[in-house]
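Notes follow the structure.
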Amino acid sequence: ESVINMDADFPDWGLTLSAKDVTPVGMTLVCTKNGGNPTGEIMCGTDYNLLVSEDGAWKNVPTVPEEYGWDGLGYRISDGKDMELEISWEWLYGKLPTGTYRLAKEFMDHREPGDFDTAMYWVEFEIEK
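Residue numbering for the sequence shown is 1392 to 1520, as defined by this note's numbering.
Quick look at the structure:
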């Protein structure tokens, strides 16, 4: 079971993240929205960042390609409905070794074009042998 987290000073958007079907090369990210106090629609893109726990600190997992980009797809997270994103990171991070990781992802409370707030949420997960 994965730990669900967000920064303490973030707004309450009713958003929780969980990880399922975790493998060394990917996982399914489940985004759940229930209640909260967003002022618009909760949305996210395809981008994310992986961190690994080393010596009690969170460090960025190094990327394999030096330069890379994300597509411009956007996803809306509706109240009371789970949204699942299939995430395959082998192209970006390679096959991950055993360890404790975080997938950090930016979400947006989108009111109208150019008018939005952003917050970084994350989910912790284990890669096992």
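Yeah, the Cβ is synthetic: ideal placement off N, Cα and C, and Gly gets one too.
For this session: For Pro1504, name the three-state secondary structure that DSSP assigns.
Result: Locating residue 1504 in the sequence shown gives position 113, where the first residue counts as 1. Coil.
Exercise. For Trp1513 versus Ala1495, is the C-beta spacing smaller than 9 Å?
Worked result: Start at 1 with the first residue of the sequence shown, and residue 1513 comes out as number 122. Start at 1 with the first residue of the sequence shown, and residue 1495 comes out as number 104. Yes; because the gap between Cβ atoms is below 9 Å, this pair is in contact.
For this session: Would you decide whether Pro1429 is buried or exposed? Buried here means 16 or more other CB atoms lie within 10 Å of its CB.
Result: What you label residue 1429 is simply residue 38 of the sequence shown in a count that begins at 1. When all chains shown are included, Pro1429 counts as buried.
For this session: Taking all protein chains shown into account, decide if Asp1373 is buried (16 or more other Cβ within 10 angstroms of its Cβ) or exposed.
Result: Past the edges of the chain, shown from 1392 to 1520, lies residue 1373, and the structure says nothing about it.
Problem set entry | CB of Thr1509 within 9 Å of CB of Glu1497, strictly | Taking the first residue of the sequence shown as 1, we reach residue 1509 at position 118. Taking the first residue of the sequence shown as 1, we reach residue 1497 at position 106. Yes, these two residues count as a Cβ contact at 9 Å.
For this session: Return the bridge partner residues of Glu1458 from the DSSP annotation.
Result: Within the sequence shown, the letter at position 67 stands for residue 1458. According to DSSP, which records beta bridges pairwise, Glu1458 is partnered with nothing at all.
For this session: Count the other CB atoms, across all protein chains shown, that sit within 10 Å of the CB of Glu1392; report buried if there are 16 or more and exposed otherwise.
Result: Residue 1392 sits at position 1 when you count from the first residue of the sequence shown. Only weak support exists for where Glu1392 lies, its pLDDT of 40 falling under 50; the coordinates are left without a value.
For this session: My understanding is that Ile1478 touches Ile1433, with C-beta atoms under 8 Å, so please give their C-beta distance in whole angstroms.
Result: Walking along the sequence shown from the start, residue 1478 turns up at place 87. Walking along the sequence shown from the start, residue 1433 turns up at place 42. With 8 Å as the limit, Ile1478 and Ile1433 do not qualify as a contact, their Cβ atoms being about 18 Å apart.
Problem set entry | Assigned exposure category for Ala1410 - 16 Cβ within 10 Å defines buried | Here residue 1410 refers to the residue found at position 19 of the sequence shown. Counting Cβ neighbours within 10 Å, Ala1410 comes out buried, since at least 16 surround it.
Problem set entry | Cutoff 6 Å; reference Glu1475; Cβ partners in own chain excluding five residues on either side | Locating residue 1475 in the sequence shown gives position 84, where the first residue counts as 1. Closer than 6 Å at the Cβ level, and outside the excluded window around Glu1475, lie Thr1419, Val1421.
For this session: Take Trp1404 and list the residues in its own chain whose beta-carbon comes closer than 8 Å to its own, dropping the five residues that flank it on each side.
Result: Position 13 of the sequence shown holds residue 1404. Once the five neighbours on either side are set aside, the close Cβ partners of Trp1404 are Lys1424, Gly1427, Asn1428, Pro1429, Ile1433, Phe1498, Asp1500, Ala1510.
Exercise. Buried or exposed: Leu1464, going by 16 or more other Cβ atoms within 10 Å of its Cβ?
Worked result: Counting from 1 along the sequence shown, the entry for residue 1464 is found at position 73. Leu1464 comes out exposed.
For this session: Identify the continuous beta strand (DSSP E) that holds Glu1519 and give its terminal residues.
Result: Sequence index remark: in the sequence shown, residue 1519 carries index 128 (1-based). Looking at the DSSP string, Glu1519 is not in any beta strand (DSSP E), and its letter there is neither H nor E.
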